[in-house]
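Structure first, then comments.
Number of protein chains: 4
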Amino acid sequence: MLKLALLGCGRIGQVHARSISQLADKARLVAVADAYEPAAQELAAASGAEMRSSAQIMQSDDVDAIIVGTPTDTHYQLIHDAAAAGKAIFCEKPIDMSAERIRDCIVAVKKANVAFLAAFNRRFDPNFSDIQARIAAGEIGDVELITILSRDPAPPPISYIKSSGGLFRDMMIHDFDMARFLLGEEVTSIFAVGSSLVDPEIGAAGDIDTAAVTLSTASGKICQISNSRRASYGYDQRLEVHGSKGMLRAENTLKNGVEVATQNGFQKAPAQHFFLERYEEAYRLEMAHFIDALNSGQTPSPSASDGLQAQLLADAAAQSLATGLPVRLANDPA
Amino acid sequence: MLKLALLGCGRIGQVHARSISQLADKARLVAVADAYEPAAQELAAASGAEMRSSAQIMQSDDVDAIIVGTPTDTHYQLIHDAAAAGKAIFCEKPIDMSAERIRDCIVAVKKANVAFLAAFNRRFDPNFSDIQARIAAGEIGDVELITILSRDPAPPPISYIKSSGGLFRDMMIHDFDMARFLLGEEVTSIFAVGSSLVDPEIGAAGDIDTAAVTLSTASGKICQISNSRRASYGYDQRLEVHGSKGMLRAENTLKNGVEVATQNGFQKAPAQHFFLERYEEAYRLEMAHFIDALNSGQTPSPSASDGLQAQLLADAAAQSLATGLPVRLANDPA
Amino acid sequence: MLKLALLGCGRIGQVHARSISQLADKARLVAVADAYEPAAQELAAASGAEMRSSAQIMQSDDVDAIIVGTPTDTHYQLIHDAAAAGKAIFCEKPIDMSAERIRDCIVAVKKANVAFLAAFNRRFDPNFSDIQARIAAGEIGDVELITILSRDPAPPPISYIKSSGGLFRDMMIHDFDMARFLLGEEVTSIFAVGSSLVDPEIGAAGDIDTAAVTLSTASGKICQISNSRRASYGYDQRLEVHGSKGMLRAENTLKNGVEVATQNGFQKAPAQHFFLERYEEAYRLEMAHFIDALNSGQTPSPSASDGLQAQLLADAAAQSLATGLPVRLANDPA
Amino acid sequence: MLKLALLGCGRIGQVHARSISQLADKARLVAVADAYEPAAQELAAASGAEMRSSAQIMQSDDVDAIIVGTPTDTHYQLIHDAAAAGKAIFCEKPIDMSAERIRDCIVAVKKANVAFLAAFNRRFDPNFSDIQARIAAGEIGDVELITILSRDPAPPPISYIKSSGGLFRDMMIHDFDMARFLLGEEVTSIFAVGSSLVDPEIGAAGDIDTAAVTLSTASGKICQISNSRRASYGYDQRLEVHGSKGMLRAENTLKNGVEVATQNGFQKAPAQHFFLERYEEAYRLEMAHFIDALNSGQTPSPSASDGLQAQLLADAAAQSLATGLPVRLANDPA
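Residue numbers (numbering that gives the first Met the number 0), protein chains in the order written: chain A, 0 to 333; chain B, 0 to 333; chain C, 0 to 333; chain D, 0 to 333.
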């Protein structure tokens, strides 16, 4: 029975608390903390966990692992504290906005020899994990071409955009991790283009809302990613992997399975709109994986190094966009 | 090189003439006839065939086979004439409205020992023939349950309805033949219900426009058919066959393959509206089968007996509707 | 905050307990009971409810409503007891195997003036409830033809079959309720055929495993239902409603959304296999509806009378199968 | 009644002859020519056209328009000859391998003031032309992101590869034209990556078999194209256009519409394998457009300038691949 503490009781923290309650036979949420005390109080009441301060949690003997769901700029210190306290760490993405600081975190985690999971939830989506498993089983031979299409239903508030680190670090970072997950080989070159077509305010804020990126690997595999901050038909999350023996793809998850036939044709429901709904099961499976790994002494995945690599790709994409030139990657295995 | 003559230059006759022109390496349309001479003239000009009278065609030495595409009430005499003249016969469905008279035709055809094809075009549709071939190959084990859904885009004119012989003989007869084609076993019992929901004039004319029929066989196989004279979304032609090892089904053929995604969801085109468009390839393959069979000395299929059995099912359905009771069938193998 | 007690801690009881735990802001499971004490103990521990006897529950002041998830032959007495005790009742289907005894229950419930829900879970499936709502909104005009296809992945043990009341009362009863839900009009005539094709032992036990039923209403609406106890490709649950202006249909829910393309074609996952997985959300929404109705003073639905009508249809189907004749229904509104 | 002559009686010439025969009410194939006389004889016999030499055709008064279906390196002279003779020209793609020489052809055509169609058949595919029409009608607002996926079922012979001009000029040129057709705006920048993953002999011949290209326009629209010379599941031809109000996409055309359900899931047929089958209707509609345009005095489309622009994109892609850098385009409107 793993004992967990949660730092950060916002939207994603609540998702994790709910996941843990559904894994009651394997783990228990012991404590919760939030800089905004009423949020911690409310989640404590709903989950049956104790409200404690972050500092208290670091020193709690009844806590085996810490879930870091606080704002990104606090991750660095909390990871160092938790590692020093010998706690396993489940950290929301991104680990940090600076690759240098992520490297520091990796050093601290390695030194303390604690388990660490970088929470790229999409790897646990039943469709995407099935595709990865089929690739690993050789079902489509060698991977040759990957296409990832990722579009948000609507842009976030402009205030969010301004502090987001930009589309590549905030949104496409998920697709960079997915590309690495499916390519099975490090990216050696990246080229990015981007525009502000959805909302001129996004462009005025120095960001883009529409982007396309090309990744290449040493052996010649290619991955194309495109993002848009807007999709009238819902949260658009598709990908396909073309290999030497076949192709695997995942279509969108629709709001329901009803089809309406009229003189206009055959109409199905829009895609699910909200990411928490779309990836509800992925969040649950991600937490189950973390708990199972710790309970069985396995290493959870994706690792802090995976977190670093995705961030390096996002940085390189931003550099490519700024220079108009492709960027070669060193692929520092950290 | 098979030499063909066409009796009846209406809509379906023109389809057959076009099919023959696309099979120019195997067959040639030598002569056409129509009671309405301008129709014959026009098709003669378009196809390069000679205009002749029916009587002339029966006596033409340069005609191997005759396509009967004239009104149903003329079939009986033309079949007898063609058989007497030793010509192979391709006869549009229904062979005749009276099962007794169909039996007479079968006798005449057998006595003359001429080839005969009852033109149930749907057996040649690439989807439906593939399903039948897969059943025959044992791909889904033993057939257990068949569902046939057949809906016209819109009802025919009331004048047509009045002389049509009723929905079972005019429309569902195709589904009765399809059921027999896929069941691989004769029907022993039939139960029919029907309503006039689409157009009260159809009810006033003594017919129905909405119907459902249940067929059973001696070994316990079951087939459900439903028909409607109206479908806002196009010509609806679907079926599925459930067997001990799996299920086969054919969806509608849509007008095109475009999907439009908007806030209302994902919309595909309506089904193809017109039966000549929907079954264009079936008509061509049906004619190719007839020609290939004659050229190679094989027996074409479906046979006159198949035509009789479908008619007997339509008669029994009408009887079931009239009495409100299921009807047992003798399954006279004719 | 509604206080609930659960009678019966088996598979379906556990589902209901889990649903209630997810509705913690609206209701609380106070007590559980089971004739087999360890089952009650285990669910009490997992849910935080107290273990009590049925008799204690009936007399508990802290219980507003009772969920009856015990074997069918105990429902009658428990409904009478709960009604006498003034408790609202959520009763698993079927209410009873005898229509006469269901009528007794209805009388007892009416006399005690307690709320009652007959747990036809499929009405709460998001696809099917959406279809019903669209019909009610007039989206496809008048309902004309309904097709319901329902196939289990595999037959239950023969021991279960023997005490099940037969396919119509055990399996198709869900489809009878669904037909009534969607037709919006009582059934006036029913005709049934059935065979034992899946397992000869089922036939030897006097039951069927493959069946087709036709329902008609006074205004001429038609519904075709077919059932099989076996489907190699999973739990097959589809339906479509054809109306004067269009058609609504719900396809199967597949295990995941991955498509594999190889030289054999494009392959999607099988349908979800297990009914508790397929209808997981329906069970949750059903319980939410019951709780919301009681909390707001509304009448929950489907009613005990709905339970009776479905049972009467199952009885009539059995009679039709036995006699080979259609059966007319009185449609006693109970 | 337009009078046509066909230069080149190979595979594509035969397709055009067949198309013309199906447009018999509008046009007639008067003459055919081929350097290999038996090919011309055979097609003359099949089509009813006369066999003539190219030179004779240029001087034939009974020829209004010339279809150029000969090897690419002969196009230049034939276009000049036909233009000089005042004949309208339907020219297979590519017009020429050299952009400079295409410019010469454009000058010759303009000077002679003859109609010219560059035969990018895919613009006439019913799916793709419908998508373009919907974009033009504003159905999805402003175009923002286009994804084109194009994969051949299997690579051509290595001898063909060697003289093909390379993947960009031989295969992706269709996608470049499609991108321009759908973007509605000229491409200003292009970036290409490519690998030899399918067959090492292709790499040894200096070509690639797997490629991805990114196109950008002045207003910030983006198009991603990917190509592979191999697809186990058939001829893969898909595209989607994402706009400010929605998304349009076209899926593959499958061999038939049958679905097989077994314990492995739900399987549909592979995509049609052969390009002449896949684009059969596109070829027919392309010819119909050319004939209709000439008969009505309209300008056929796509133009010679469209042919030049696609070639310039292919050249730029090859340059980008060779240099590893994006290439800016002047967009000479020729």
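Each residue gets a CB set at the ideal place from its N, CA and C atoms; glycine is no exception.
Review point. If you measure beta-carbon to beta-carbon, which residues of the region 105-138 of chain B are closer than 8 Å to chain D?
Key: Cβ contacts with chain D: PRO125, ASN126, ASP129, ILE130, ARG133, GLU138.
Check your understanding: Does DSSP put ARG228(D) in a helix, in a strand, or in coil?
Key -> In the three-state DSSP reduction, ARG228(D) falls in the coil class, being neither helix nor strand.
Exercise for review: Only counting runs of 4 or more residues, tell me where the alpha helix (DSSP H) segments fall wholly within the region 135-189 of chain A, in order along the chain.
Suggested key: 157-161, 166-169, 171-182, all fully within the region 135-189 of chain A.
Review point. Which first and last residues belong to the beta strand (DSSP E) in which LEU116(A) is found?
Key: Residue range 115-118 is occupied by the beta strand (DSSP E) that includes LEU116(A).
Practice item. Within 10 angstroms of the Cβ of GLN58(C), are there 16 or more other Cβ atoms? Answer buried if so, exposed if not. Key: Of the other Cβ atoms in all chains shown, fewer than 16 fall within 10 Å of the Cβ of GLN58(C); this residue is therefore exposed.
Review point. Using the rule of at least 16 other Cβ atoms within 10 Å of the residue's Cβ for burial, across every protein chain shown, is THR146(B) buried or exposed?
Key: Label assigned to THR146(B): buried.
**Study point:** Residues near GLU258(C) in its chain [Cβ-Cβ closer than 6 Å; skip 5 each side]
**Key:** Closer than 6 Å at the Cβ level, and outside the excluded window around GLU258(C), lie PHE265, LYS267.
Point to revise | Other residues of its chain near ALA217(C): CB distance less than 8 Å, five sequence neighbours each side excluded | key: The residues are GLU184, GLU185, THR187.
Check your understanding: Can you tell me whether DSSP reads ILE201(D) as helix, strand or coil?
Key -> When secondary structure is reduced to three states using DSSP, ILE201(D) falls in the helix class.
Review point. Between the region 251-267 of chain C and chain D, which residues of the former have CB atoms less than 7 Å from a CB of the latter, in chain order?
Key: ALA260, THR261, GLN262, ASN263, GLY264, PHE265, GLN266, LYS267: these are the residues of the region 251-267 of chain C whose beta carbon lies less than 7 Å from some beta carbon of chain D, given in chain order.
**Study point:** At least three beta-carbon pairs within less than 8 Å, the region 272-283 of chain B to the region 289-296 of chain D
**Key:** In short, these stretches do not touch, since the Cβ pair count stays below three.
Point to revise | Any beta strand (DSSP E) of 3 or more consecutive residues that is wholly inside the region 251-281 of chain B | key: 257-261, 264-267, all fully within the region 251-281 of chain B.
Check your understanding: Does the ligand FMN have a heavy atom nearer than 8 Å to the CB of MET57(A)?
Key -> In the structure shown, the ligand FMN is absent, as is every other ligand, since no ligand is present at all.
Check your understanding: In whole angstroms, what separates the C-alpha of LEU214(D) from that of MET286(C)?
Key -> Note on geometry: alpha-carbon atoms of LEU214(D) and MET286(C) lie some 53 Å from one another.
Point to revise | Residues, ordered as in the chain, of the region 177-198 of chain C that lie near chain A by beta-carbon distance below 7 Å | key: Legend: CB atoms of the region 177-198 of chain C lying less than 7 Å from CB atoms of chain A are not found in any residue.
Point to revise | Buried or exposed by the 16-neighbour rule on C-beta atoms within 10 Å, applied to GLY12(A) | key: Burial call: buried.
Practice item. Give the single residue among MET170(D), ASN226(D), VAL142(D) whose Cα lies nearest to the Cα of ASN120(D). Key: Restricting attention to MET170(D), ASN226(D), VAL142(D), the CA atom closest to the CA of ASN120(D) is found in MET170(D).
**Study point:** Simplified DSSP state of ALA45(C), which is helix, strand or coil
**Key:** In the structure shown, ALA45(C) falls within a helical segment according to DSSP collapsed to helix, strand and coil.
Point to revise | Closer than 7 Å at the beta carbon, the chain A residues around TYR232(B) | key: Those within 7 Å of TYR232(B) in chain A are ALA260, THR261, GLN262, GLY264, PHE265.
**Study point:** SER52(A) to ASP33(A) span [Cα, whole Å]
**Key:** Roughly 7 Å between the two C-alpha positions.
Point to revise | Per-residue burial, TYR35(C) [other beta carbons within 10 Å of its own, 16 or more giving buried] | key: Classification of TYR35(C): exposed, given that the 10 Å Cβ count is below 16.
**Study point:** Under 9 Å from the C-beta of PRO269(C): neighbouring residues of chain D
**Key:** Within 9 Å Cβ-Cβ: ALA260, THR261, GLN262, ASN263, GLY264, PHE265.
Exercise for review: Starting from the beta carbon of PRO325(D), find every residue of chain A whose beta carbon is closer than 8 Å, and list them in chain order.
Suggested key: Those within 8 Å of PRO325(D) in chain A are PHE190, GLY323, LEU324, PRO325.
**Study point:** Cross-chain neighbours of LEU247(C) in chain B, by beta carbon under 8 Å
**Key:** Within chain B, no residue comes near LEU247(C); the closest Cβ sits about 11 Å away, beyond 8 Å.
Review point. Whose Cβ in chain A lies nearer than 8 Å to the Cβ of LYS244(C)?
Key: Within chain A, the residues near LYS244(C) are THR261.
Exercise for review: Give a yes or no on whether the minimum CB-CB distance between ALA23(D) and chain B is below 9 Å.
Suggested key: So, interface residue.
Check your understanding: DSSP on ALA333(D), reduced to helix/strand/coil?
Key -> Legend: pLDDT at ALA333(D) = 48, less than 50; position of this residue unreliable, no value from coordinates given.
**Study point:** According to DSSP, residues forming a beta bridge with ASP206(C)
**Key:** ASP206(C) pairs with nothing; no bridge assigned.
Practice item. Pull out every residue of the region 208-225 of chain A whose Cβ sits closer than 7 Å to any Cβ of chain D, in chain order. Key: Hits within the stretch, in order: THR209, ALA211, THR213, SER215, GLY219, ILE221, GLN223, SER225.
Exercise for review: Could you tell me the distance, in whole angstroms, from the CA atom of ALA4(D) to the CA atom of PHE115(D)?
Suggested key: About 14 Å.
Review point. Taking buried to mean at least 16 other C-beta atoms within 10 Å of its own C-beta, is ALA16(C) buried or exposed?
Key: So ALA16(C) ends up on the buried side.
Review point. If you follow the beta strand (DSSP E) that CYS90(B) is part of, which residue opens it and which one closes it?
Key: Per DSSP, CYS90(B) belongs to the beta strand (DSSP E) from 87-91.
Exercise for review: Would you be able to state if there are at least three C-beta pairs under 8 Å between the region 134-154 of chain A and the region 298-313 of chain A?
Suggested key: The region 298-313 of chain A vs the region 134-154 of chain A: no contact.
Practice item. Check the Cβ of LEU144(C) against every Cβ in chain B and list those closer than 8 Å, keeping chain order. Key: Among the residues of chain B, those whose CB is under 8 Å from the CB of LEU144(C) are THR209, ALA211, SER225, SER227, following chain order.
**Study point:** Residue range of the beta strand (DSSP E) that includes GLN236(A)
**Key:** Going by DSSP, GLN236(A) is part of the beta strand (DSSP E) stretching over 235-242.
Review point. By the 10 Å Cβ neighbour count, where 16 or more other Cβ atoms means buried, how is ASP24(D) classified, buried or exposed?
Key: The residue in question, ASP24(D), is exposed, as its Cβ has fewer than 16 Cβ neighbours within 10 Å.
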